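Q:
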Amino acid sequence: MNNGAVLEVRHLKKYFVKSAGILSTLLREQRKYVAAVEDVSFSISRGKIFCVAGESGCGKTTLGKTILKLLQPDDGQIIFQGQDITRLKRDSMRMLRPKMQMIFQDPYESIDPRARIYDSVAEPLIVNHLVSDEKEKHNKVVQTLELAGLTPAENYLYKYPHNLSGGERQRVGIATALILDPEFIVADEPTSMLDVSVQANLLNLLQKLRREKNLTYLFITHDLSVAYAFSDCLAIMYLGKFVEVGPTAEVVMSPIHPYTKALISVVPGINLAKNKKPIVLPGETPNPENVPPGCRFHPRCYCKEERCAKEEPVMIEFTPQHYAACFVQENKKLKEKSK
Amino acid sequence: MLDIKDLQVEYTVPGGVARAVNKANLNLTEGESLGLAGESGCGKTTLGNAILRILPEGGQISGGEINLDGIDLVELSEEKMRRIRWKEISMVFQGAMNSFDPTMNIENQIAEAILIHQRDTSKETALERARELLRLCGINPLLGKSYPHELSGGMKQRGCIAMALALQPKLLIADEITTALDVMTQAQIFTLLRDMKRKFNLSMIIISHDLAVLAKNCDRLAIMYAGHIVEIGTIQDIFDHPRHPYVKGLLFCIPNFAGGRKIIAAIKGAPPSLLAPPPGCPFHPRCPISISECKTAAPQLLSVNTNNHSVACYRKDYKGVIWK
Amino acid sequence: MESSRRRIRLQIHDLLNLWRVFRANPMGLIGLAMLAFFVAIAIFCPVFSPYDPRDTVGEFLAPASPAHILGTDQLGRDILSRVLYGTRISLLVGITAAAISVFIGTSIGLVSGYFGKAFGEVLMRFTDMFLVMPQLALMIILAALLGRSLFIIMVVVGVTSWPWMARIIRSEVLSLKQRPFVERAISIGCSDFYLIRKHILPNVMPLITANAILTIPWAIVSESTLSFIGLGDPTAISWGSILSGAFSNSAIILGLWYWFIPAGLAIVLLSMSFALIGHVMDEVLNPRLRKRGV
């Protein structure tokens, strides 16, 4: 069912095995799993920016990497441009790689420190045998660096990463992702390690590229204000599952799920006039090794009922395109409907 | 209570001398919390370290005064400064993981801080006090016997705050304490900090690059750029009536829920190298409204109203649109 | 091509920079000077040496005198000449054995670190086997089987000292594998061997270089030890064999310092020169260890 969707994810699961010692392996004890991504489904239409937001440990980075097949999914389906890529092995994936690229979070660690910028940016071309001679390679690299805002490109070609600032390094990261002319980009917290003025410039660049090249993004972040300004659709993730998904403006302005409400209320804003009472949740950001029974959020929830500790809620549509998984809210909605 | 006059801090590095803090002027009254904001490299952490005189190797205070209730901390001997550290001024650092010794449990470490300064206290009393502090900071006192690696990031940071309050200091400096934490944990930590401030009548200097966090948790705010304090005033004054071009640009860049759904990449370029800063105002190369005066001498911090709002800019009265 | 010329120029510039950092550390320069001294002796010893080291040129067990500055040994051979010529063996065997050791250790370390899991574990157990193998016992067995020659010593020392290198390289490769730039390389479609060649190896090179230099003193001392206990090449003039002769002729008890001290000192000083250089190289190649900069 491809209605212009670049990416469709269905019931995706990704587990990590908790390291077992030799003794337990010998005794063939039941292996313990940590579900980093548990039953996630969504789709992204061409040209849209889909944002996955959540706190650390919620599984958003794992989700991004699994979608790009940097990690092997354990269950579910990933359908990229109509093709089911879930079971594709590494060799078959290499044909598709140019179309789906990643921008990494850490500008200090995501470029090889021992390679010159020219080599780092040219590498995707070499590895995929896309250029035939030196001149063509040189031109493409220069062109891409300038596209990423590093002008004049000549100044950057032979430098090492440690000669550049964080913002410049991240632009190199973007150039490396762009040089293969991808159609889909997963951006994993690309600006969280940068200063706010640099972040603004970079996000601007990403939007410009989306317009000019009709790119589709999966944008991962923990910063809801960035998500609000930047994305079209927003999904809030908690302990491996989406708790709410919908158009960004709606999710932020009219949140449904209690976790979303709390999260939005504590995001500090510089607009002093807004007088929201912050909902500060008790307890810690949970560990995926200890998933509570029933609704994953219920131990910290401020409006739960008995059912929440026993059953896991499913995603239902509250308003067009806006979904949430919460029993209490579901009941509220039903009550209002019957009025 | 705290009065910093013309403070200058320099680092001697292989490339030369970098002036990390350049003629900083700041003051803090009792019970007030001051935010110290700026992007990376602006000198805010250096300023915090200078107050406690814990500059790393290669750094030294090359000028100015830091007056704490009349005593100039710059002039004090190391011996006397050691007595002031933690008793009068204490600090909570960014990397909570690095603040604790991994081989000792946390209640012992807090007790140690107490015992070092109050030698006539018994070990038992110190431990009791440590547990009480942990409880105040939202950590179950029974967890006092845990080792740092057994606690989460948020709990470690609470532990650091407990340790900082061990001797009931007058001034607490918090240096990027929530940068590595989630927004919910950040909210918890700042709620705790506000409670502690009320309870102990603390004065605080909160250092952060996140202006929004400071807006919520401070009374006044000082913004630094390339070692200079460019604007200082109450939260209301700075956010509603900013005067410095850099501050205006910065406020533009920050995405927020009320600001509409667009990204305004206002300020272009990068901060100058501290080894060879431009002459005059450090911001002038990136400033759209700079004039010839800006290139000759760095502007002084001058008052613009009666409410202690000061700006260091020759064009502080410019009323037009600076950033597109 | 214009770009390759530019690269060569930049490469030279980089090397000069590294030299500048090296120069800044006096320890490294001392080590380099000492090494240069020994290399000069090794090359020019026919010129410096007063006598042929193999000839009987004087009385047996003659004490130190102007004619024989370090006296003569039990066969009347001039000890000073023997010490000077011994430099050649130590340098030759030391460096070659270290090279063998580094080659084996790096290969195993790289492969076991990169290909992890079961294969890596098996390789590591294999490494552990060699780690606990007594060098002496192996040497004796091999000498008995293959005869006693310089070549055998080089091989034996090389083959018994690689595990240390393998472990270091393996752990570095394991940690490198986790770093985001390796993930990126995989995400753009790099094959395993390309990754190892272009990304892992260059980043492991500083560790290899510094440790390779530090392996040499170990090889030198190993060779000296083996020669001392009589397992070396009987025709080769080695500091170890000089010490062996001194020991078996009760030089220590008799106080014939000129026999055993210079040879022993030479072993120590040559090893130290490599150790000093290796230590400074570690700092030069690993920017994180350098003194704090802004």
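Protein chains in written order, with my numbering: chain A, 1111 to 1449; chain B, 4 to 327; chain C, 832 to 1125. Backbone N, C-alpha and C fix where the C-beta goes; we use that ideal spot for every residue, glycine too. The structure displayed is predicted, hence computed values, not measured ones.
#1: Pull up the DSSP beta-bridge partners for residue 1161 (chain A), would you.
#2: In this structure, does DSSP put residue 56 (chain B) in helix, strand or coil?
#3: Say whether chain B places a C-beta atom closer than 8 Å to the C-beta of residue 1352 (chain A).
#4: With H, G and I counted as helix, E and B as strand and the rest as coil, what does DSSP make of residue 129 (chain B)?
#5: Are the C-beta atoms of residue 1216 (chain A) and some chain C residue less than 8 Å apart?
#6: For residue 221 (chain B), I'd like the list of residues in its chain whose CB is within less than 7 Å of its CB, leaving aside the five on either flank, ordered along the chain.
#7: Inspect the beta-carbon positions of residue 1172 (chain A) and residue 1150 (chain A) and report whether they are closer than 8 Å.
#8: Between C:1088, C:1005, C:945 and C:885, which has its C-alpha nearest residue 908 (chain C)'s C-alpha?
#9: What span of residues does the beta strand (DSSP E) with residue 1069 (chain C) cover, start to end?
#10: Measuring only the C-alpha atoms, how far is residue 981 (chain C) from residue 1064 (chain C)?
#11: Which of the three DSSP states, helix, strand or coil, is assigned to residue 1433 (chain A)?
#12: Specify, as a first and last residue, the run of the alpha helix (DSSP H) that residue 1091 (chain C) falls within.
#13: Are there any heavy atoms of the ligand MN lying less than 7 Å away from the beta-carbon of residue 1116 (chain C), as far as the coordinates show?
#14: How about residue 162 (chain B) and residue 109 (chain B): do their beta carbons lie closer than 8 Å?
#15: From this set, A:1115, A:1323, A:1124 and A:1328, which residue's C-alpha is nearest residue 1350 (chain A)'s C-alpha?
#16: Going along the chain, which residues of its own chain have a beta-carbon closer than 7 Å to the beta-carbon of residue 148 (chain B), five neighbours each way excluded?
#17: Quick check on residue 1389 (chain A): does DSSP put it in helix, strand or coil?
#18: Roughly how many whole angstroms lie between the Cα atoms of residue 1270 (chain A) and residue 51 (chain B)?
#19: Is it buried or exposed, residue 843 (chain C), if we count other Cβ atoms within 10 angstroms and call 16 or more buried?
#20: At which residues does the beta strand (DSSP E) containing residue 1351 (chain A) begin and terminate?
#21: Taking 8 Å as the CB-CB limit, is residue 1280 (chain A) close to chain B?
#22: Could you work out which residues of chain A lie near residue 943 (chain C), taking near to mean beta carbons separated by less than 8 Å?
#23: Which of the three DSSP states is assigned to residue 890 (chain C) in this structure?
#24: Please report whether the beta-carbon of residue 956 (chain C) lies at a distance below 8 Å from any beta-carbon of chain A.
#25: What are the residues in the stretch 1168 to 1198 of chain A lying within 7 Å of chain C by C-beta distance?
#26: For residue 182 (chain B) versus residue 97 (chain B), is the C-beta spacing smaller than 8 Å?
#27: For residue 309 (chain B) and residue 1228 (chain A), what's the separation of their Cα atoms in angstroms?
#28: Tell me whether the stretch 1036 to 1043 of chain C and the stretch 960 to 980 of chain C touch, counting them as touching only if at least three CB pairs, one residue from each stretch, are closer than 8 Å.
#29: Quick check: is the beta carbon of residue 1021 (chain C) nearer than 8 Å to any beta carbon in chain A?
#30: Using a 10 Å radius around the Cβ and a threshold of 16 neighbouring Cβ atoms, would you call residue 1068 (chain C) buried or exposed?
#31: Nearest CA to the CA of residue 1347 (chain A): which residue from A:1263, A:1396, A:1142 and A:1326?
#32: Going along the chain, which residues of its own chain have a beta-carbon closer than 6 Å to the beta-carbon of residue 283 (chain B), five neighbours each way excluded?
#33: Residue 1290 (chain A): which of A:1412, A:1209, A:1163 and A:1264 sits nearest, CA to CA?
#34: Pick helix, strand or coil for residue 1148 (chain A), following the three-state DSSP scheme.
#35: If you reduce the DSSP assignment to three classes, tell me which class residue 235 (chain B) lands in.
#36: According to DSSP, which residues form a beta bridge with residue 93 (chain B)?
A: Short version:
#1: For residue 1161 (chain A), DSSP records a beta bridge to A:1329 and A:1344.
#2: coil
#3: no
#4: helix
#5: Yes, because at least one Cβ of chain C sits closer than 8 Å to the Cβ of residue 1216 (chain A).
#6: Closer than 7 Å at the Cβ level, and outside the excluded window around residue 221 (chain B), lie 36, 37, 38, 209 and 238.
#7: no
#8: C:885
#9: Neither: residue 1069 (chain C) is in no beta strand (DSSP E) and is coded neither H nor E.
#10: 6 Å
#11: strand
#12: 1088 to 1116
#13: Ligands displayed in this structure: none; no statement on the ligand MN is therefore possible.
#14: Taking 8 Å as the Cβ cut-off, residue 162 (chain B) and residue 109 (chain B) qualify as a contacting pair.
#15: A:1124
#16: 108 and 110, listed in sequence order.
#17: coil
#18: 32 Å
#19: exposed
#20: 1351 to 1357
#21: No, because no Cβ of chain B sits closer than 8 Å to the Cβ of residue 1280 (chain A).
#22: In chain order: nothing, as chain A lies at least about 18 Å away.
#23: coil
#24: Residue contact with chain A for residue 956 (chain C): absent (no Cβ-Cβ distance below 8 Å to any residue of chain A).
#25: 1178 and 1180
#26: yes
#27: 55 Å
#28: In short, these stretches do not touch, since the Cβ pair count stays below three.
#29: yes
#30: buried
#31: A:1396
#32: 297, 298, 299, 300 and 301
#33: A:1209
#34: strand
#35: strand
#36: Residue pairing by DSSP places residue 93 (chain B) opposite B:175 in a beta bridge.
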